[in-house]
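Undergrad:
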Amino acid sequence: MAESITAFVDSLNLTSSVAQELQIWLGGETAVTTVLFSPKTARSAVIEIAFLVLSGFFGILLVGDPAEIPALDAHWSAAASKLPSFIALPKCANEVSIILRVIKVLGITFSVRSGGHSPNPGWSSTAKPGIVIDLHSFNQITVNQDKSFVSVGPGATWGDVYTALDPHGVSVIGGRIPSVGVGGLMLGGGFHHFSGQFGLAADNVKNFEIVLAGGTVTIANVQEKSDLFWALKGGGANFGIVTKFDLYTIPVNNIWYQIGVYSTDQVPAIFDALADWQKESSDVKAIVAVIVTLDIVTLGFIYSEPSAEVPTSFAPFNDIPAIAYAVPPTNGTVLQLTQILGASSARTPASSKVDAPLYKDAYAFWKEEATAVHESTGANQTFVIQPISAAMVEYGNTKGGNPLGLAQESRQWWTTLVDWENASDDDVVRSASIATTDKWKELATARGLHDPFIYMNDASRDQYPLSSYGAQNLAKLKAIAAKYDPSEVFQELQNDGFLLSKV
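The working numbering puts the first residue of the sequence shown at 25, with every later residue one more than the last.
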């Protein structure tokens, strides 16, 4: 039995003093020693070992009471929730390190949750026997003295971040919705209103603090571990657990915006104007948000500095009459705009080059599908076109590039947001989104307009965004993952996600 204890302790790769203390402590824990390394050990017993060691010896806060877990296991989408064996609530990178060491040695299935915004079931949660590493305690937001960067924990939300930055008169490239968590958005790339001017959120990272699979806490930046730094800028949760992001601030806080409501009869004119704007506008300060429902169209016009009148960049839309203005022309702040915006719970994206007839034909198909699903299930869907500029890609390249493999040209990232009540309708509702995504690809391919790129932060569980990054970048990501996680902890033990092992 002493040999089993020693082998277990040695495998955790602790400092000698901590290892000695743990070995002595384990000697008095018969619940642990009777099952350590037994070939017949049930997974439930292994989970019990992990619970006792992490909580009893290391003092890490764990919640394993089935009555308490649901309250902590909150997700943006109810479909994403699972019931784990217990939830670990680390408070520092060292505690994350200990948790990962125990997970690796005992071979325990795990998931990591920061904001819990992924709608994909089992990605930021896991069922028994498995554990969730909850990063909500990593919610620090610290602005450095000269305001050039801010240190942000993965458990903070973007609403928290913008609230903290507002008094300083600066902002960051981050999430557009206040309830979205920092961690997941950053690792997927992170598209923002002002990405055309300042690139993706991931392009604006100064340092990543990350805990690797073996428990090492390290820093990745352009000078140190530059390969890992590159991979983390859109490569997903394949390399470790990021416990802090140092983000460059941008000199933008006071902005102009307007949100109008339009009849769906105006959809053709809106798509014509949008395509013209995408092709002709070179003003990187301007962004147009297009959200179509079965009942109305919402157009958001945003400009990254104050303006006394509607910026001329939005001229292609001037002749389209609005029903009303949900938000009239306003000079406000990034925080105020973020507070206005809401979110809808499944997403399925498609990308294409700029083309108004394509937008119209895809919309016509979506409208038919969305209407049928709404009538049968009550599900509400939106048709969202996200304009992507060549300038966004160019900016990312000046910051050392990222793994996304984007060509430097204008395009759109379409997505649909779906909200529904009954789990029994999941397959029917998702089928409509998938069908529209397939139709986008079919229509765009036939016209030579298809873009294979899939934006990870909008991707559905049956899509493979990493494979859309290009063969060369995918091979590079796999090599980097193998270098920093040779035991494939994040490929084999992580419950699910956009994993390199899937592609």
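By construction, the Cβ of each residue, glycine as well, lies at the ideal position given by its N, Cα and C atoms.
Hey, would you say Gln518 sits closer than 8 Å to Phe162, going by beta carbons?
TA: Translated into positions along the sequence shown, residue 518 becomes position 494. Translated into positions along the sequence shown, residue 162 becomes position 138. Their beta carbons are not under 8 Å apart, which means Gln518 does not touch Phe162 by this criterion.
Undergrad: In whole angstroms, what separates the C-alpha of Ala102 from that of Leu428?
TA: The residue given as residue 102 occupies position 78 in the sequence shown. The residue given as residue 428 occupies position 404 in the sequence shown. Any reading at Ala102 must be qualified, since the residue scores a pLDDT of 48, below 50, and its modelled position is unreliable; the value itself is stated next. Cα to Cα, Ala102 sits roughly 29 Å from Leu428.
Undergrad: Report the partner residues of Pro411 according to the DSSP bridge assignment.
TA: Along the sequence shown, one-based indexing puts residue 411 at 387. For Pro411, which the question treats as bridged, DSSP gives the partners Gln436.
Undergrad: Taking just the CA atoms, how far does Ile201 sit from Pro330?
TA: The residue you call residue 330 lines up with position 306 of the sequence shown. The residue you call residue 201 lines up with position 177 of the sequence shown. Between Pro330 and Ile201, the C-alpha separation is close to 21 Å.
Undergrad: Comparing alpha-carbon positions, which option in Pro108, Ser492, Ser79 and Leu107 lies nearest Ile122?
TA: Counting from one through the sequence shown, the residue named residue 122 turns up at place 98. The residue with the shortest Cα to Cα distance from Ile122 is Ser79.
Undergrad: Just confirm the distance between the C-beta atoms of Thr456 and Glu393, as a whole number of angstroms; I'd bet it's less than 8 Å.
TA: Locating residue 456 in the sequence shown gives position 432, where the first residue counts as 1. Locating residue 393 in the sequence shown gives position 369, where the first residue counts as 1. Per the sequence shown, the amino acid found at residue 456 is Ala instead of Thr. Going by Cβ atoms, the distance from Ala456 to Glu393 rounds to 4 Å, so yes, they are a contact pair.
Undergrad: So for Phe263, helix, strand or coil by DSSP?
TA: Position 239 of the sequence shown, counted from the first residue, corresponds to residue 263. Phe263 falls in the coil class under three-state DSSP.
Undergrad: Specify the secondary structure class of Arg471 as computed by DSSP and reduced to three states.
TA: Here residue 471 corresponds to residue number 447 of the sequence shown, with the count starting at 1. Reduced to three states, the DSSP call for Arg471 is coil.
Undergrad: Taking the CB atoms as reference points, tell me whether Asp190 and Leu359 lie closer together than 8 Å.
TA: Within the sequence shown, the letter at position 166 stands for residue 190. Within the sequence shown, the letter at position 335 stands for residue 359. In contact: Asp190 and Leu359 (Cβ atoms closer than 8 Å).
Undergrad: If you compare alpha carbons, which of Gln169, Pro476, Phe407 and Lys465 is closest to Val442?
TA: What you label residue 442 is simply residue 418 of the sequence shown in a count that begins at 1. When each option's Cα is compared against that of Val442, the closest is Phe407.
Undergrad: What is the DSSP secondary structure of Trp390, reduced to helix, strand or coil?
TA: Position 366 of the sequence shown, counted from the first residue, corresponds to residue 390. Note: Trp390 maps to helix in three-state DSSP.
Undergrad: Quick one: Cα of Glu45 to Cα of Ile197, how far?
TA: On the sequence shown, position 21 is the one that residue 45 refers to. On the sequence shown, position 173 is the one that residue 197 refers to. Rounded to whole angstroms, Glu45 to Ile197 spans 45 Å at the Cα level.
Undergrad: Quick one: what does DSSP say Phe341 is sitting in, helix, strand or coil?
TA: The count along the sequence shown starts at 1 and reaches residue 341 at position 317. If DSSP states are grouped into helix, strand and coil, Phe341 belongs with the helices.
Undergrad: Three-state secondary structure (DSSP) at Asn37?
TA: What you label residue 37 is simply residue 13 of the sequence shown in a count that begins at 1. Reduced to three states, the DSSP call for Asn37 is coil.
Undergrad: With DSSP as the reference, label Tyr479 as helix, strand or coil.
TA: Residue numbering aside, residue 479 sits at position 455 when the sequence shown is read from its first letter. In the structure shown, Tyr479 sits in coil (DSSP, three-state: anything other than H, G, I, E or B).
Undergrad: Assuming Pro292 is part of the alpha helix (DSSP H), what are its boundary residues?
TA: By one-based count along the sequence shown, residue 292 stands at place 268. Element bounds for Pro292: Val291 to Glu304.
Undergrad: For the ligand FMN, any of its heavy atoms closer than 7 Å to the Cβ of Ala414?
TA: In the structure shown, the ligand FMN is absent, as is every other ligand, since no ligand is present at all.
Undergrad: Taking all protein chains shown into account, do 16 or more other C-beta atoms lie within 10 angstroms of the C-beta of Ser492, making it buried, or fewer, making it exposed?
TA: Sequence index remark: in the sequence shown, residue 492 carries index 468 (1-based). With 16 or more Cβ atoms within 10 Å of its Cβ, Ser492 is classed as buried.
Undergrad: Have a look at the DSSP bridge pairing and note the partners of Ser376.
TA: Indexing the sequence shown from 1 puts residue 376 at position 352. The partner list for Ser376 (beta bridge, DSSP) reads Gln436 and His474.
Undergrad: Between the alpha carbons of Gly258 and Gly52, how many angstroms are there, rounded?
TA: If you number the sequence shown from 1, residue 258 lands on position 234. If you number the sequence shown from 1, residue 52 lands on position 28. Rounded to whole angstroms, the separation of the alpha carbons of Gly52 and Gly258 is 46 Å.
Undergrad: Where does Ser287 fall in DSSP's three states?
TA: On the sequence shown, residue 287 is found 263 positions in, with the first residue counted as 1. If DSSP states are grouped into helix, strand and coil, Ser287 belongs with the strands.
Undergrad: With H, G and I counted as helix, E and B as strand and the rest as coil, what does DSSP make of Val207?
TA: Looking up residue 207 in the sequence shown gives position 183. Checking the displayed sequence, the identity of residue 207 turns out to be Gly instead of Val. Gly207: helix per DSSP, three-state reduction.
Undergrad: Considering only residues of the same chain and omitting the five flanking positions on each side of Gln515, which have a CB-CB separation below 6 Å?
TA: Counting from 1 along the sequence shown, the entry for residue 515 is found at position 491. Only Leu523 and Ser525 meet the Cβ criterion.
Undergrad: Contact between the region 332 to 341 and the region 306 to 318: three or more CB pairs below 8 Å?
TA: yes
Undergrad: Within the 8 Å Cβ cut-off, does Glu392 reach chain D?
TA: Of the protein chains in this structure there is only one, and it is not chain D.
Undergrad: How about Asn262 and Ala505: do their beta carbons lie closer than 8 Å?
TA: Residue numbering aside, residue 262 sits at position 238 when the sequence shown is read from its first letter. Residue numbering aside, residue 505 sits at position 481 when the sequence shown is read from its first letter. Yes, they are a contact pair.
Undergrad: Along the chain, where does the alpha helix (DSSP H) that runs through Thr362 open and close?
TA: Counted from its first residue, the sequence shown places residue 362 at position 338. Start and end: Val358 to Ile364.
Undergrad: In angstroms, rounded to a whole number, what distance separates the CA positions of Gln221 and Thr317?
TA: Along the sequence shown, read from residue 1 onward, the residue named residue 221 stands at position 197. Along the sequence shown, read from residue 1 onward, the residue named residue 317 stands at position 293. When rounded, the distance between both Cα atoms is 28 Å.
Undergrad: State buried or exposed for Tyr395, treating a residue as buried only when at least 16 other CB atoms are found within 10 Å of its CB.
TA: Numbered from 1 along the sequence shown, position 371 holds the residue referred to as residue 395. The sequence given here has Thr at residue 395, not Tyr. Here Thr395 is exposed: its Cβ has fewer than 16 other Cβ atoms, across all protein chains shown, within 10 Å.
Undergrad: Counting Cβ pairs, one atom from each stretch, are 3 or more of them under 8 Å apart for the region 234 to 243 and the region 486 to 502?
TA: no
Undergrad: Decide if Gln410 is buried, meaning its Cβ has at least 16 other Cβ atoms within 10 Å, or exposed.
TA: One-based indexing of the sequence shown puts residue 410 at position 386. Gln410 comes out buried.
Undergrad: Could you tell me how far apart the beta carbons of Tyr286 and Ala346 are, in whole angstroms, since I believe they sit closer than 8 Å?
TA: Stepping through the sequence shown from its first residue, residue 286 is reached at position 262. Stepping through the sequence shown from its first residue, residue 346 is reached at position 322. At roughly 5 Å, the Cβ-Cβ gap stays under 8 Å, so Tyr286 and Ala346 are in contact.
Undergrad: Report yes if the CB atom of Tyr272 is closer than 8 Å to the CB atom of Phe173, and no otherwise.
TA: As a first step, residue 272 must be located in the sequence shown, where it is residue number 248. As a first step, residue 173 must be located in the sequence shown, where it is residue number 149. Yes; because the gap between Cβ atoms is below 8 Å, this pair is in contact.
Undergrad: Determine the burial state of Asn497: buried for a count of at least 16 other Cβ atoms within 10 Å of its Cβ, exposed for fewer.
TA: Working through the sequence shown from its first residue, we reach residue 497 at position 473. Answer is buried; the Cβ neighbour count reaches 16.
Undergrad: Relative to the alpha-carbon of Gln164, which residue among Gly420, Ser219, Phe269 and Met480 has its alpha-carbon at the smallest distance?
TA: Counting from 1 along the sequence shown, the entry for residue 164 is found at position 140. Ranking the options by Cα distance to Gln164, first place goes to Phe269.
Undergrad: How would you write the range of the alpha helix (DSSP H) that Ile504 sits in, first residue to last?
TA: By 1-based counting over the sequence shown, the position of residue 504 is 480. It spans Ala495 to Tyr508 - the alpha helix (DSSP H) in which Ile504 sits, taken as one unbroken run.
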